[in-house]
Structures are given as structure tokens and as C-alpha cells.
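> Before I ask anything, here is the structure I am working with.
2 protein chains.
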Amino acid sequence: MTTQRLTRKGQATRDRIVAAAARLMIEQGVARTTIEDIQAAAGVSPSQLYHYFPGKDALVSAVIEQQTAQVLEIQHSGLGSLDSIDSLANWRDLMVGILTDVQCAGGCPLGSLASDLSESDPVARIQLAGAFAQWEGLIREGLVQMQERGELAADADPAELAVAMLAAVQGGLLLSQVRRDPAPLRIAVDTMIDHLHALTR
Amino acid sequence: MTTQRLTRKGQATRDRIVAAAARLMIEQGVARTTIEDIQAAAGVSPSQLYHYFPGKDALVSAVIEQQTAQVLEIQHSGLGSLDSIDSLANWRDLMVGILTDVQCAGGCPLGSLASDLSESDPVARIQLAGAFAQWEGLIREGLVQMQERGELAADADPAELAVAMLAAVQGGLLLSQVRRDPAPLRIAVDTMIDHLHALTR
DNA sequence: GAGATATTGGAGTATCAACTCCAAAATCGC
DNA sequence: GCGATTTTGGAGTTGATACTCCAATATCTC
Numbered sequence: 000m001t002t003q004r005l006t007r008k009g010q011a012t013r014d015r016i017v018a019a020a021a022r023l024m025i026e027q028g029v030a031r032t033t034i035e036d037i038q039a040a041a042g043v044s045p046s047q048l049y050h051y052f053p054g055k056d057a058l059v060s061a062v063i064e065q066q067t068a069q070v071l072e073i074q075h076s077g078l079g080s081l082d083s084i085d086s087l088a089n090w091r092d093l094m095v096g097i098l099t100d101v102q103c104a105g106g107c108p109l110g111s112l113a114s115d116l117s118e119s120d121p122v123a124r125i126q127l128a129g130a131f132a133q134w135e136g137l138i139r140e141g142l143v144q145m146q147e148r149g150e151l152a153a154d155a156d157p158a159e160l161a162v163a164m165l166a167a168v169q170g171g172l173l174l175s176q177v178r179r180d181p182a183p184l185r186i187a188v189d190t191m192i193d194h195l196h197a198l199t200r
Numbered sequence: 000m001t002t003q004r005l006t007r008k009g010q011a012t013r014d015r016i017v018a019a020a021a022r023l024m025i026e027q028g029v030a031r032t033t034i035e036d037i038q039a040a041a042g043v044s045p046s047q048l049y050h051y052f053p054g055k056d057a058l059v060s061a062v063i064e065q066q067t068a069q070v071l072e073i074q075h076s077g078l079g080s081l082d083s084i085d086s087l088a089n090w091r092d093l094m095v096g097i098l099t100d101v102q103c104a105g106g107c108p109l110g111s112l113a114s115d116l117s118e119s120d121p122v123a124r125i126q127l128a129g130a131f132a133q134w135e136g137l138i139r140e141g142l143v144q145m146q147e148r149g150e151l152a153a154d155a156d157p158a159e160l161a162v163a164m165l166a167a168v169q170g171g172l173l174l175s176q177v178r179r180d181p182a183p184l185r186i187a188v189d190t191m192i193d194h195l196h197a198l199t200r
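These protein sequence lines are chains A and B, in that order. In this text, residue positions in the first sequence follow numbering that gives the first Met the number 0: the first is 0, and each later residue adds one. In this text, residue positions in the second sequence follow numbering that gives the first Met the number 0: the first is 0, and each later residue adds one.
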């Protein structure tokens, strides 16, 4: 009902604010990102920002929502046709490529926010737990499909393997971020792919 | 030379400050931790804190140094006798136990600091990269020993496996922190142990 | 195109956080 | 014990930050 109270121009302004906030919060952390930074980056005045968001918390929530959608979208485009070891390799290349494009800066948007907010914002923590659950679900479904097609051993546990794969992605991204080198992500994911491959025999 | 200018009492005060700063910075993030918070937690006055540290940056550096030593110490006690798949299982239990003790709060001290500081403090990033390199080296050496004893396939690559294992630990800790559930860490590390086990055949 | 509503500009405020200063007290070497 | 040095107390300063307010303007609906 309140959704339609936004004009086209208003929606554009709101989007611009969220995009600027996301970039800054992920890049330098939520606490280090000031409202003034966001205003400058989005090119808006204080009254504009507070017209669309009651405060910083609401902005954080909007950023998490937007980043969740974006990450799941990318995952979907990479995992959409997950039906073989080869497609997993493509998926790895997709992530390594994105990471290389940004010179390994920022790590995983969701991972960074999770590490940043888990202990200081319980609401955000739960929101992020949901995001990871969706991501994990996407991976699990792919593995189940592989299993149904006989490309994965029948006694393998897709649920556990999905958790391990997501952990490899997150841990690999963190190590790559710290070292400014895409190798850790590539190695971590490759090792998990090898593991799946071994389970196929 | 300046090292001996610290009295026993002074050393105790300094240690108290670092311990308080470490707890707060890891728990709620560096930027959210104020000097005043640290003063209160350590029971010291502003002049005391600034007597031992020129500013917040120096305090961050001291915290990283202390946490690195502590994590490597724990790893050493768990990895010291790394000579079999069984000892890896004990190592996993050690980490899961520690995580459970703190109700999955905080994640990995080094991982939290790395995610927090990588983009905003280049000096800290390099310091943390060194810490992870040491940790990785510890794991790698264990795997090399296993390989020499024939408990790991000769064509396995201990260097890559060590990176993958560390990524599994970091990713598992992050997911466990977000979900407040030790299972992801356990599953991620177990999956890597399974992988090593498979490579033994 | 007129009126209701959404959007915007920009000055202002109260609070908080990092850091300073100087003098008093405790500690150490001899 | 005495002098040099380290350690401590606590008030104060400067700047930043989240958020407010109100009037002016643009945009939609009909």
C-alpha cells in the first residue's frame, strides 16, 4: 500500500541511495560508512535520505536485501544449468573472474556484511542467515540433480556437500581478499569439485 | 631499547588494555569499538591508554599480533601431533568445542579482523596475511608429514590442500557464526578430511 | 491545469569520540 | 631512602556524525 507512494523519480533516488550505501558499506564496513559519505556518493541531501529511510538500520536492511538478490542472481546464472562437473568448473571460473575484475577487493558482499554485522545487529544476522540458506539451497538442488542423473554417488549427502561447498567459497573469498590473490578461491572450490568428482566413481 | 622502559605494573596495564581491546574489537568490530569502551573494559584512564599506545591504529596492530599468537598456539596444540586422519578429527573437535563454548559468537578472531580491516587498513591487511600464511604453513607441514609416512597419496599437493583446508575452516566458522550453529564448521572440515581420506587409497 | 502529494535544499542541533595536557602519585635502580 | 623515571587521574578541546526541521519545488491524478 505504501509501495505506490513512490514516484518514478523517487524510486530512482531511492535506488541510487541503496546502490551507493551498498558499495561503501561492503568496501569499508558498515560502521565506517557515514550517512554523509552515502549522501555524497549518491548525490542527495540529508532530507532526501531520511525521506526514504528512517535511519541507518533501515538502510543496512535494504542493502542486505539488494545484495542478496544480486548474489543469488549471479549464482543462478552460473548454477542454472548445473548438471555436470564441467558446469561446476564454469561456475568457479565465473566467481574467480568477478573477483579478479575487482582486484580481489571486497570479498563476498554477503560474507563481508555477515562478518561485520553478526555480532552487533541481530536483525541483520537473521536476514543474512536467510540469504545464505537460499544460496546453500541453490547449490544443494544442483547436487541433487546430479545425483538423480547418476553423476554423483547415491550415498553422497547433497545437503552436507552444499554446506561444505558454500564454506569453501566463503573461506576462499576471505583468503583471496586478504592476500589480494584469486588463487585461494580457485583452489578451495577446485578442491571441493575434485571431491565431488571422486564421489562419482 | 625502549622495551625495558616498562615496569611490571606497566606491562600488566598494557596487557589488560590489549586484552580488552581484542575482546571488544572482535566481538563488535574495530570501528564500533570506541577508545572509551576499551578504557571502561580495561579499567584505565585516557592518559593510561595513550601512554602505552599512540592511537587506535597501534592498538589494532597490537591486537592482531596477540590474536595471531593465540590462534597459532591453539593450532599448535591441536596440530602438534598431526600424523593421521584421527588426529585431524581431534583437531576438528577442538575447534568445534571452542566454537560451541562461545555459542558460535565471534567466529574466527583472525577471520573477523581480516574481513573488518582488509579494505580500510592496508597495514593491518598485510599483518593478517602473514598470520594466515603461518597458519597455512602449519597445516601444510602436517600434510607433508602424513605424505612422508604414506598416509596421503604421493601425488596429492599438500600446499593446495592446506589452502583448501584453511578456507574450509574460515568459511565454516563464518557460516556457523551467522547461523549460531556449530554444524557448518564441523561439516566443512569433515568434508575436507573425507577428501584427504579418499586421497589415501 | 489545479490540487494533493511526493520530493528536495540546506541550515541547524545534540551527542559522541578521539585525543591532549599537566600535575600528582607510584615504582625502580642504587 | 633518594632521585629519576614511569604511571596515573581527570577535566578539557576539537571535530565528526546521526538526525531534525521547515519551507520551496517538482510530480502525479483527475
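The beta carbon of each residue, even a glycine, is placed where N, CA and C say it ideally should be.
Kindly indicate which residue of A:G129, A:S175, A:E35, A:G170 has the alpha-carbon position closest to the one of V101 of chain A.
Locating residue 101 of chain A in the first sequence gives position 102, where the first residue counts as 1. Comparing Cα-Cα distances from V101 of chain A to each of A:G129, A:S175, A:E35, A:G170, the minimum goes to A:S175.
> On a Cα-Cα basis, can you pick out the residue from B:E140, B:I25, B:L48 that is closest to Q10 of chain B?
Taking the first residue of the second sequence as 1, we reach residue 10 of chain B at position 11. Taking the Cα of Q10 of chain B as reference, the smallest distance to any Cα among B:E140, B:I25, B:L48 is reached at B:L48.
> Near V17 of chain A, what residues of its chain come up, given a Cβ to Cβ distance below 7 Å and the 5 sequence neighbours on each side ignored?
Translated into the one-based positions of the first sequence, residue 17 of chain A becomes position 18. A61, V62, Q65.
> Measuring only between beta-carbons, confirm whether R124 of chain B sits less than 8 Å from chain A.
Translated into the one-based positions of the second sequence, residue 124 of chain B becomes position 125. Taking Cβ atoms only, chain A reaches closer than 8 Å to R124 of chain B, which makes this a yes.
> Can you tell me the Cα-Cα spacing of T190 of chain A and G28 of chain B, whole angstroms?
Walking along the first sequence from the start, residue 190 of chain A turns up at place 191. Walking along the second sequence from the start, residue 28 of chain B turns up at place 29. Whole-angstrom Cα-Cα distance: 31 Å.
> With a threshold of 8 Å between beta-carbons, can E140 of chain B be considered close to chain A, or not?
Mapped onto the second sequence, residue 140 of chain B falls at position 141. By this cut-off, E140 of chain B is not an interface position.
> Would the region 170-187 of chain B count as touching the region 136-148 of chain A if we require 3 or more Cβ pairs under 8 Å?
no
> Would you verify that the beta carbon of E64 of chain B is, or is not, closer than 8 Å to some beta carbon of chain A?
To locate residue 64 of chain B, count along the second sequence from 1; it is residue 65. Not one chain A Cβ lies under 8 Å of E64 of chain B.
> Measure the alpha-carbon distance for I73 of chain A versus P53 of chain B and round it to whole angstroms.
One-based indexing of the first sequence puts residue 73 of chain A at position 74. One-based indexing of the second sequence puts residue 53 of chain B at position 54. The alpha-carbon atoms of I73 of chain A and P53 of chain B are separated by roughly 45 Å.
> Mark S76 of chain B as exposed unless 16 or more other C-beta atoms lie within 10 angstroms of its C-beta, in which case mark it buried.
The residue labelled residue 76 of chain B in the question sits at position 77 within the second sequence. With fewer than 16 other Cβ atoms within 10 Å, it is exposed.
> Return the residues of the region 146-169 of chain A that lie within a Cβ-Cβ distance of less than 8 Å from chain B, sorted by chain order.
Under the 8 Å Cβ criterion, the region 146-169 of chain A contributes E159, L160, V162, A163, L165, A166, A167, V168, Q169.
> To the nearest whole angstrom, what separates the beta carbons of I192 of chain A and A88 of chain A, a pair I think is in contact under 8 Å?
Reading the first sequence from its first residue, position 193 is the one you call residue 192 of chain A. Reading the first sequence from its first residue, position 89 is the one you call residue 88 of chain A. So it is a contact: roughly 7 Å between Cβ atoms.
> What is the C-beta distance between T33 of chain B and M24 of chain B, in whole angstroms, given that I count them as a contact (C-beta under 8 Å)?
Here residue 33 of chain B is taken as the residue at index 34 of the second sequence, counted from 1. Here residue 24 of chain B is taken as the residue at index 25 of the second sequence, counted from 1. Actually they do not touch by this definition, with Cβ atoms about 11 Å apart.
> Go to R178 of chain B, then tell me how far its alpha helix (DSSP H) extends in each direction, as first and last residue.
Mapped onto the second sequence, residue 178 of chain B falls at position 179. Taken as a continuous stretch (DSSP letters only), the alpha helix (DSSP H) holding R178 of chain B covers 157-178.
> From this set, B:P45, B:A39, B:D36, B:Y51, which residue's C-alpha is nearest R4 of chain B's C-alpha?
For the purposes of this step, residue 4 of chain B is taken as the residue at position 5 of the second sequence. R4 of chain B has its Cα closest to that of B:Y51, out of B:P45, B:A39, B:D36, B:Y51.
> Taking a Cβ distance cut-off of 7 Å, strictly less, list which residues of the region 172-184 of chain B are near chain A, in chain order.
L173, L174, Q176, V177, R178, P183
> Return yes when the Cβ of I125 of chain B is within less than 8 Å of the Cβ of H196 of chain B, no when it is not.
As a working note, residue 196 of chain B is residue 197 in the second sequence. As a working note, residue 125 of chain B is residue 126 in the second sequence. The answer is no: Cβ separation not under 8 Å.
> What is the C-beta distance between T6 of chain A and V43 of chain A, in whole angstroms, given that I count them as a contact (C-beta under 8 Å)?
For the purposes of this step, residue 6 of chain A is taken as the residue at position 7 of the first sequence. For the purposes of this step, residue 43 of chain A is taken as the residue at position 44 of the first sequence. Rounded, the Cβ-Cβ distance is 15 Å, inconsistent with contact.
> Taking Cβ-Cβ distances below 7 Å as the criterion, which residues of the region 22-45 of chain B are in contact with chain A?
Result list: E26, Q27, G28, A30, R31.
> Taking 8 Å as the CB-CB cut-off, is H75 of chain B touching chain A?
As a working note, residue 75 of chain B is residue 76 in the second sequence. Cβ-Cβ to chain A under 8 Å: no for H75 of chain B.
> Check the Cβ-Cβ distances between I201 of chain A and every residue of chain B, and say whether any is below 8 Å.
In the structure as shown, chain A begins at 0 and stops at 200. Residue 201 of chain A is therefore absent and cannot be evaluated.
> Quick one, are the C-beta atoms of A41 of chain B and R15 of chain B less than 8 Å apart?
Reading the second sequence from its first residue, position 42 is the one you call residue 41 of chain B. Reading the second sequence from its first residue, position 16 is the one you call residue 15 of chain B. It is a contact, given that the beta carbons lie within the stated cut-off.
> Quick check on DSSP: helix, strand or coil for F131 of chain A?
As a first step, residue 131 of chain A must be located in the first sequence, where it is residue number 132. Here F131 of chain A sits in helix by DSSP.
> If L198 of chain A sits next to L98 of chain A, beta carbons under 8 Å apart, how far is it from one beta carbon to the other, in whole angstroms?
What you label residue 198 of chain A is simply residue 199 of the first sequence in a count that begins at 1. What you label residue 98 of chain A is simply residue 99 of the first sequence in a count that begins at 1. Not a contact, Cβ separation roughly 26 Å.
> Counting contacts by CB-CB distance shorter than 8 Å, is S60 of chain B in contact with chain A?
Position 61 of the second sequence, counting from 1, holds the residue named residue 60 of chain B. No, its Cβ sits nowhere closer than 8 Å to a Cβ of chain A.
> Keeping to the same chain, check which residues put their C-beta closer than 7 Å to that of P108 of chain A; ignore five residues upstream and five downstream.
For the purposes of this step, residue 108 of chain A is identified with residue 109 of the first sequence, where counting begins at 1. Excluding positions up to five away in sequence, the list reads I25, Q66, V70.
> From the beta carbon of D115 of chain B, is the nearest beta carbon of chain A less than 8 Å away?
Residue mapping note: residue 115 of chain B aligns to position 116 of the second sequence, counting from 1. Yes, its Cβ sits closer than 8 Å to a Cβ of chain A.
> Output the distance between the C-alpha atoms of P45 of chain A and Q133 of chain B, rounded to the nearest integer angstrom.
Working through the first sequence from its first residue, we reach residue 45 of chain A at position 46. Working through the second sequence from its first residue, we reach residue 133 of chain B at position 134. Their backbone Cα atoms lie some 47 Å apart in a straight line.
> Between the C-alpha atoms of A114 of chain A and D115 of chain B, what's the straight-line distance to the nearest angstrom?
For the purposes of this step, residue 114 of chain A is identified with residue 115 of the first sequence, where counting begins at 1. For the purposes of this step, residue 115 of chain B is identified with residue 116 of the second sequence, where counting begins at 1. Per the sequence shown, the amino acid found at residue 114 of chain A is Ser instead of Ala. Going from the Cα of S114 of chain A to the Cα of D115 of chain B covers about 8 Å.
> Please report the residue range of the alpha helix (DSSP H) in which A153 of chain B lies.
Position 154 of the second sequence, counting from 1, holds the residue named residue 153 of chain B. Bounds of any alpha helix (DSSP H) do not take in A153 of chain B, whose DSSP letter is neither H nor E.
> Any C-beta of chain B sitting closer than 8 Å to the C-beta of A20 of chain A?
Counted from its first residue, the first sequence places residue 20 of chain A at position 21. No, A20 of chain A does not count as interfacial toward chain B.
> Tell me where the alpha helix (DSSP H) around V95 of chain B begins and ends.
Against the second sequence, residue 95 of chain B aligns to sequence position 96. Counting along the chain, the alpha helix (DSSP H) containing V95 of chain B begins and ends at 84-100.
> If we define contact as Cβ-Cβ less than 8 Å, is F131 of chain B a contact residue for chain A?
By 1-based counting over the second sequence, the position of residue 131 of chain B is 132. Closer than 8 Å: yes.
> By alpha-carbon positions, which one of B:L172, B:W90, B:E135 ends up nearest to A163 of chain B?
Your numbering for residue 163 of chain B matches position 164 in the second sequence. The shortest C-alpha separation from A163 of chain B is found at B:E135.
> Would V209 of chain B be called buried (16 or more neighbouring beta carbons within 10 Å of its own) or exposed?
This structure does not reach residue 209 of chain B, given that chain B is present from 0 up to 200, and the question cannot be answered.
> Roughly how many whole angstroms lie between the Cα atoms of L165 of chain B and A104 of chain B?
The sequence position of residue 165 of chain B within the second sequence is 166, counting from 1. The sequence position of residue 104 of chain B within the second sequence is 105, counting from 1. Spanning the two alpha carbons is a distance of roughly 19 Å.
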